[in-house]
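Enquirer: Residue 797 is where the sequence shown starts when you use my numbering, and the numbers rise one by one after that.
Beta carbons: idealized from backbone N, C-alpha and C, even for Gly.
In this text the structure is predicted, and so the values were computed from the model without any measurement.
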Amino acid sequence: MSPLNADDARDAARRRLPRFLFDYVDGGAGEETTLRANTSDLSNIRLRQRVLRDVADIRLETTVFGETLAMPVILAPVGLAGMLARRGEVQAARAARAAGVPFTLSTVSLCPISEVAGAVSGGLWFQLYVLKDRGFMADALDRAKAAGVRVLVFTVDMPVPGARRRDARSGMSGPNGPARRLLQAFGKPRWAIDVGLFGRPHTLGGVSAYLGRATGLTDYIGWLGDNFDPSISWSDLEWIRNSWDGPIIIKGVLDPEDAREARRFGADGLVVSNHGGRQLEGALSTTRALPAIADAVGSDMVVLADSGVRSGLDVVRMMALGARAVMIGRAAAYALAAGGEAGVSALLESFARDMKASLALSGVRSVGDISGDILA
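1) Provide the residue(s) that pair with A1121 in DSSP beta bridges, ordered along the chain.
2) Based on the DSSP output, what are the partners of W921 in its beta bridges?
3) So, A934 versus D1102, is the Cβ gap smaller than 7 Å?
4) Report yes if the CB atom of A1172 is closer than 7 Å to the CB atom of R844, and no otherwise.
5) In chain order, what residues of the same chain lie with their CB nearer than 7 Å to the CB of R1084, ignoring the 5 residues before and after it?
6) Could you please give me the residues that DSSP links to V869 through a beta bridge?
7) Alpha carbon to alpha carbon, how far is A1055 from K1047?
8) In the DSSP assignment, find the unbroken alpha helix (DSSP H) run with V886 in it and report its ends.
9) Give me the Cβ distance between N1070 and L1050, rounded to the nearest whole Å; I'm assuming they're in contact under 8 Å.
10) For R737, which residues in the same chain have their Cβ closer than 8 Å to its Cβ, ignoring the five residues on either side in sequence?
11) Rounded to whole angstroms, what is the Cα-Cα separation between G983 and P814?
12) Taking C-alpha atoms, which residue in V886, G1021, A1129 and A852 lies nearest to R806?
13) Write down every uninterrupted run of the beta strand (DSSP E) in the segment 1029 to 1112 whose length is 3 residues or greater and which is fully enclosed by it, in chain order.
14) Under a Cβ-count criterion, where at least 16 other Cβ atoms within 10 Å of its own Cβ denotes burial, should W921 be classed as buried or exposed?
15) How long is the line joining the alpha carbons of E1145 and S1031, rounded to whole angstroms?
16) Are the Cβ atoms of A1131 and L856 separated by less than 7 Å?
17) In angstroms, rounded to a whole number, what distance separates the CA positions of A881 and V869?
18) Output yes or no for whether 7 Å exceeds the beta carbon distance between L1100 and V1140.
19) Report yes if the CB atom of V1093 is closer than 7 Å to the CB atom of R1059, and no otherwise.
20) Quick check: the segment 915 to 931 against the segment 940 to 952, are there 3 or more CB pairs under 8 Å?
21) Taking contact to mean at least 3 C-beta pairs separated by less than 8 Å, is the segment 999 to 1012 in contact with the segment 908 to 915?
22) If you run the structure through DSSP and keep just helix, strand and coil, what is R1161?
23) Return helix, strand or coil for F816, following the three-state DSSP convention.
24) Mind checking N840: buried by the 16 CB within 10 Å criterion, or exposed?
25) At which residues does the alpha helix (DSSP H) containing L831 begin and terminate?
26) Do Q1075 and G958 count as a contact pair if the criterion is CB distance below 7 Å?
27) Per DSSP, what kind of secondary structure is V956 in: helix, strand or coil?
28) Using C-beta distances below 8 Å, list every residue in its chain close to M1114, excluding the 5 sequence neighbours before and after it, in chain order.
29) Go through its chain and collect everything with a Cβ distance to M937's Cβ below 8 Å, but skip five positions before and after it.
30) Within the same chain, show all residues whose beta-carbon is closer than 7 Å to that of E745, passing over the 5 residues directly before and after it, in chain order.
31) Between the C-alpha atoms of I1045 and V945, what's the straight-line distance to the nearest angstrom?
32) My guess is that A915 and A889 are in contact by the Cβ rule of under 8 Å, so how many angstroms apart are they, rounded?
33) Do the CB positions of R812 and A1133 come within less than 7 Å of each other?
34) In or out: I1166 buried (at least 16 other Cβ within 10 Å) or exposed?
35) L906 by DSSP, collapsed to three states: which one?
36) Along the chain, where does the beta strand (DSSP E) that runs through F932 open and close?
Take a look at the structure:
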């Protein structure tokens, strides 16, 4: 497949997916002003163009938690990625492994962690939500350990689901959802055959393994709504820190004081993120929140970022604002829907190419040399 950029992938995903799935990936909370701010604020970050700096050898390699990455990119957790392509989590993980970057499996993946781990050798991170059912959380941690996962990404910005109006309008949730989704699937025969027919089982792999029964798309929204825990606090999470031997990353931080709390909790890293604009409508964009958080924790924690990243240039921008590496979610989801493993591979190639060009034209020879000095 020819290299894709995020816009190409989004257009292809819109053509291929039923509306309920495309809107699930593409949409945000409320009127989606935060979603739009994520991309617009990031695109407004300007870099200094430098010349005659000997940029013949550009190096993208970096190290995060002792793991060497071919470039400072991590595939972010995407719920229901297995509905975007046949056994989608496996395909995305393979593409990430081939590119030399980590893949993060979502709590609400179709493919269970054992299936994904069996398809790749290393490079697998696992994302866990804060849920009422501590038994499920403990079981998920045990399964992650058994699969050889080292890095836990603990998502804390969903005490309640955001107001995702597109999901209600499309049939992802709301009245007559199953019937509406079925009708939309008939309108996309290529997807219906590849994923709808041959991509089964359409169950939440990790949830089903714990409950001992199939839990599918029909139960997805209800299960999440019933299990998010709005009463949780930092003190309730000590058992997570005590039961996980590897690095823990707190995902969903936008406020410097919360970043300091994460450090006091004993987290090894954090992800500056507004959940891709899918939670609090009106929240700060990641671009605006990142510098203050990077300053607040200094070198004590590994600072990652996501939301609004659509290119390798955006990765460089985020790193200049203080991130060590960057997670990509929507862009990778579009690419997965557009072309499966090959689509994600093509997108990652595009990111690497963009990063090399951006660094060279900024007069920087390696990602380790990226700093605020390259900002115009």
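Expert: Let me lay it out:
1) Per DSSP, the beta bridge partners of A1121 are L1100.
2) W921 is bridged by DSSP to T900.
3) no
4) Going by beta carbons, A1172 and R844 fall inside the 7 Å limit.
5) D837
6) In the DSSP assignment, V869 is bridged to V1122.
7) Rounded to whole angstroms, A1055 to K1047 spans 10 Å at the Cα level.
8) Element bounds for V886: G884 to A895.
9) 6 Å
10) The structure shown does not extend to residue 737, since the chain is modelled only from 797 to 1172, so the question has no answer here.
11) Rounded to whole angstroms, G983 and P814 show a C-alpha spacing of 7 Å.
12) It is A1129.
13) 1044 to 1049, 1065 to 1068 and 1098 to 1101
14) buried
15) 42 Å
16) No, the Cβ-Cβ distance between A1131 and L856 is not below 7 Å.
17) 22 Å
18) no
19) yes
20) yes
21) Of all C-beta pairs linking the segment 999 to 1012 to the segment 908 to 915, three or more are shorter than 8 Å, placing the two stretches in contact.
22) coil
23) Looking at F816 - three-state DSSP - the assignment turns out to be helix.
24) exposed
25) T829 to S839
26) yes
27) Looking at V956 - three-state DSSP - the assignment turns out to be coil, as it is neither helix nor strand.
28) L838, T1082, T1083, L1086, A1101, V1105 and V1122
29) The amino acid at residue 937 is misidentified as Met; the sequence shows Leu. The residues are L924, L948, I1036, S1039 and W1040.
30) Examination of residue 745 is not possible in this model, given that the chain is present from 797 through 1172 alone.
31) 13 Å
32) 6 Å
33) yes
34) buried
35) coil
36) Careful: F932 lies outside any beta strand (DSSP E), inside the alpha helix (DSSP H) at R930 to A942.
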